[in-house]
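**Student:**
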Amino acid sequence: MDFGLPKERASLKTLPPFGEEVREGRVALTPQGVRELAQRGHRVYVERGAGERAGFPDALYEEAGARLVSREEAFGRGEVVLKVGRPTLEEIALLRPEATVMAFMHLAVAESSLVEAMAQKGLTAIGYELVGGEGKRPVLKAMSEIAGRLAPQIAGRLLEAPFGPGVLLSGLPGIPPADVVILGAGVLGRAAARAFLGTGASVYVLDKELAPLEEAAREARGAVTALITQSRLERYVAFADVLVGAVAVPGERTPLLIPRNLLARMRPGSVLLDFAIDQGGIAETSRPGVYQEMGITHFCLPNVPALVPRTASHALTATLLPFLLQVEDDPLKVPELRQGAYLLLGQKGGHLE
Numbered sequence: 000m001d002f003g004l005p006k007e008r009a010s011l012k013t014l015p016p017f018g019e020e021v022r023e024g025r026v027a028l029t030p031q032g033v034r035e036l037a038q039r040g041h042r043v044y045v046e047r048g049a050g051e052r053a054g055f056p057d058a059l060y061e062e063a064g065a066r067l068v069s070r071e072e073a074f075g076r077g078e079v080v081l082k083v084g085r086p087t088l089e090e091i092a093l094l095r096p097e098a099t100v101m102a103f104m105h106l107a108v109a110e111s112s113l114v115e116a117m118a119q120k121g122l123t124a125i126g127y128e129l130v131g132g133e134g135k136r137p138v139l140k141a142m143s144e145i146a147g148r149l150a151p152q153i154a155g156r157l158l159e160a161p162f163g164p165g166v167l168l169s170g171l172p173g174i175p176p177a178d179v180v181i182l183g184a185g186v187l188g189r190a191a192a193r194a195f196l197g198t199g200a201s202v203y204v205l206d207k208e209l210a211p212l213e214e215a216a217r218e219a220r221g222a223v224t225a226l227i228t229q230s231r232l233e234r235y236v237a238f239a240d241v242l243v244g245a246v247a248v249p250g251e252r253t254p255l256l257i258p259r260n261l262l263a264r265m266r267p268g269s270v271l272l273d274f275a276i277d278q279g280g281i282a283e284t285s286r287p288g289v290y291q292e293m294g295i296t297h298f299c300l301p302n303v304p305a306l307v308p309r310t311a312s313h314a315l316t317a318t319l320l321p322f323l324l325q326v327e328d329d330p331l332k333v334p335e336l337r338q339g340a341y342l343l344l345g346q347k348g349g350h351l352e
């Protein structure tokens with residue numbers, strides 16, 4: 000088969016601790032991944048510069064057996080196009096009819112015009128966040144693990160002066176550490192809990208289900224775990240220095256847990272890390288970007304692993320490649336890939352019905 004690997008162009012404006020913007024630098028396949036596909040007889044068309052932000056120069060892709068091409072060719076020649084972020088209307092126009100495009104789609108929160116454009120072109124749209132099926136989802140799991148481990152680094156920078164209130168996560172002898180409240184005890188929430196505990200912060204993990212809380216208690220010893228109730232949520236939000244949104248319902252919009260009147264209870268200068276923003280976000284005030292609203296610093300990047308594009312690209316390849324290597328003439332014949340389909344040749348699949 001012919002695979003296309005275009006360069007990502009998405010970027011988001013941010014606040015001073017992160018420079019002027021965060022650009023998407025991840026790539027779905029490293030040169031080693033390309034090599035393995037090429038050795039199976041597949042052709043891989045890589046847009047020039049596709050891997051440069053992740054530290055993979057064109058020469059490495061060429062040595063691995065890729066054909067370096069223009070942006071138009073990377074989209075137009077691929078029977079299967081491997082992106083990171085969901086395609087834009089401009090990119091959809093470049094795709095061949097009835098092609099398969101794979102990315103972190105999150106179509107439940109995408110504009111209807113985007114879904115309609117893909118449907119009209121007869122595209123098959125596969126979301127990495129759903130690949131592998133219920134209870135597995137290895138690609139999503141890898142990115143969630145990275146985001147969770149990054150959480151203390153991000154929060155620490157946003158709490159520092161002169162931008163933040165000047166709070167040290169770990170505290171000092173005689174001075175209490177920062178209070179971190181994590182909503183959601185899935186892979187991301189548990190990874191964040193472990194990472195924050197490593198800094199010395201006080202960590203509280205809330206979830207609506209007991210089973211993930213039991214896992215959190217085992218993995219993040221020292222964290223306080225509790226079932227979410229409205230009164231408990233109101234109490235915990237009020238003392239949080241850092242509030243982490245780690246709630247996710249794959250393929251669906253994230254439930255709104257923090258309306259404006261609840262956000263108003265947070266301490267001035269505290270930080271909201273809304274890692275659920277790619278599915279709509281947990282807070283009424285959440286929107287893509289890094290900004291301050293109602294005295295609270297909002298970190299709402301939908302592509303948090305893009306902060307470490309090289310590590311994230313290796314993780315993407317490691318989790319996605321085993322399924323791609325099973326592809327012969329149709330990705331939908333690989334059960335794990337079919338489970339991630341939002342659109343099947345333009346027809347809405349179960350995740351959009």
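Position 165 of the sequence shown, counting from 1, maps to 164 under numbering that gives the first Met the number 0, and the rest follow consecutively.
C-beta atoms are modelled at their ideal positions from N, C-alpha and C, and glycine is treated no differently.
Since this is a predicted model, take the numbers as computed values, not measurements.
Nearest to Pro258 by alpha carbon, out of Met293, Leu88, Ala225, Pro267?
**Tutor:** Measuring from the Cα of Pro258, the nearest candidate turns out to be Met293.
**Student:** Within 10 angstroms of its Cβ, does Pro56 collect 16 or more other Cβ (buried), or is it exposed?
**Tutor:** exposed
**Student:** So, with DSSP's three-state summary, where would you put Ile153?
**Tutor:** helix
**Student:** For Gln119 and Val202, I'd like the C-alpha separation in whole angstroms.
**Tutor:** Rounded to whole angstroms, Gln119 and Val202 show a C-alpha spacing of 48 Å.
**Student:** DSSP has Ala340 in a bridge; who is on the other side?
**Tutor:** Under the DSSP definition of a beta bridge, Ala340 partners with Ile125.
**Student:** Curious, which full-length alpha helix (DSSP H) runs of at least 4 residues does the stretch 8-57 contain?
**Tutor:** 30-38
**Student:** Skipping 5 residues on each side, what residues in its chain have a beta carbon closer than 6 Å to that of Ser312?
**Tutor:** Arg25, Val26, Thr29, Ala53
**Student:** Roughly how many angstroms lie between the CA atoms of Val45 and Gly183, to the nearest whole one?
**Tutor:** Whole-angstrom Cα-Cα distance: 38 Å.
**Student:** Rounded C-beta distance between Ala191 and Gly147? I'm assuming under 8 Å.
**Tutor:** 4 Å
**Student:** So, helix, strand or coil for Met101, using DSSP?
**Tutor:** strand
**Student:** Just the Cα atoms here: how many angstroms apart are Val80 and Ala222?
**Tutor:** 42 Å
**Student:** Can we say the stretch 261-274 touches the stretch 210-227, given the rule of at least three CB pairs closer than 8 Å?
**Tutor:** With the cut-off at 8 Å, the stretch 261-274 and the stretch 210-227 do not touch.
**Student:** Return helix, strand or coil for Gly280, following the three-state DSSP convention.
**Tutor:** coil
**Student:** Would you give the residue range spanned by the beta strand (DSSP E) that Ala245 belongs to?
**Tutor:** Unbroken run through Ala245: none, as it is neither H nor E.
**Student:** Between Leu242, Ala154, Ile125, Pro301, which has its C-alpha nearest Gly354's C-alpha?
**Tutor:** Within the shown structure, residues of the chain are numbered from 0 to 352, placing residue 354 beyond reach of any answer.
**Student:** What first and last residue would you give for the alpha helix (DSSP H) that runs through Ile181?
**Tutor:** Segment 178-182 is the beta strand (DSSP E) holding Ile181; no alpha helix (DSSP H) there.
**Student:** Do Val114 and Tyr341 come within 9 Å of each other at the CB atom, strictly closer than that value?
**Tutor:** yes
**Student:** What is the DSSP secondary structure of Glu115, reduced to helix, strand or coil?
**Tutor:** Under the three-state reduction of DSSP output, Glu115 falls in the helix class.
**Student:** Bridge partners for Ser201 per DSSP, in chain order?
**Tutor:** Answer by DSSP bridge pairing, in chain order: Asp178.
**Student:** Does the Cβ of Ala263 have 16 or more other Cβ atoms within 10 Å, making it buried, or fewer, making it exposed?
**Tutor:** With fewer than 16 other Cβ atoms from the protein chains shown falling within 10 Å of its own Cβ, Ala263 counts as exposed.
**Student:** According to DSSP, Phe298 sits in a beta bridge with which residue or residues?
**Tutor:** Leu272, Val289, per the DSSP bridge assignment.
**Student:** Can a CB atom of chain B be found closer than 9 Å to the CB of Glu72?
**Tutor:** Note that chain B does not occur in the displayed structure, where there is just one protein chain.
**Student:** To the nearest angstrom, report how far apart Leu331 and Arg337 are at their CA atoms.
**Tutor:** Their backbone Cα atoms lie some 5 Å apart in a straight line.
**Student:** What is the DSSP secondary structure of Arg66, counted as helix, strand or coil?
**Tutor:** strand
**Student:** Just the C-alpha distance for Asp277 and Asn302, rounded to the nearest angstrom, thanks.
**Tutor:** 8 Å
**Student:** Take Leu93 as the anchor and find which of Glu251, Ala216, Phe103, Met117 has the nearest alpha-carbon.
**Tutor:** Met117
**Student:** Could you tell me how far apart the beta carbons of Gly84 and Ala58 are, in whole angstroms, since I believe they sit closer than 8 Å?
**Tutor:** Actually they do not touch by this definition, with Cβ atoms about 25 Å apart.
**Student:** Taking Leu255 as the reference, give the member of Ser230, Glu233, Ala282 with the closest Cα.
**Tutor:** Of the candidates Ser230, Glu233, Ala282, Ala282 places its Cα closest to the Cα of Leu255.
**Student:** Which partner residues does Lys347 have in the DSSP bridge list?
**Tutor:** Answer by DSSP bridge pairing, in chain order: Leu342.
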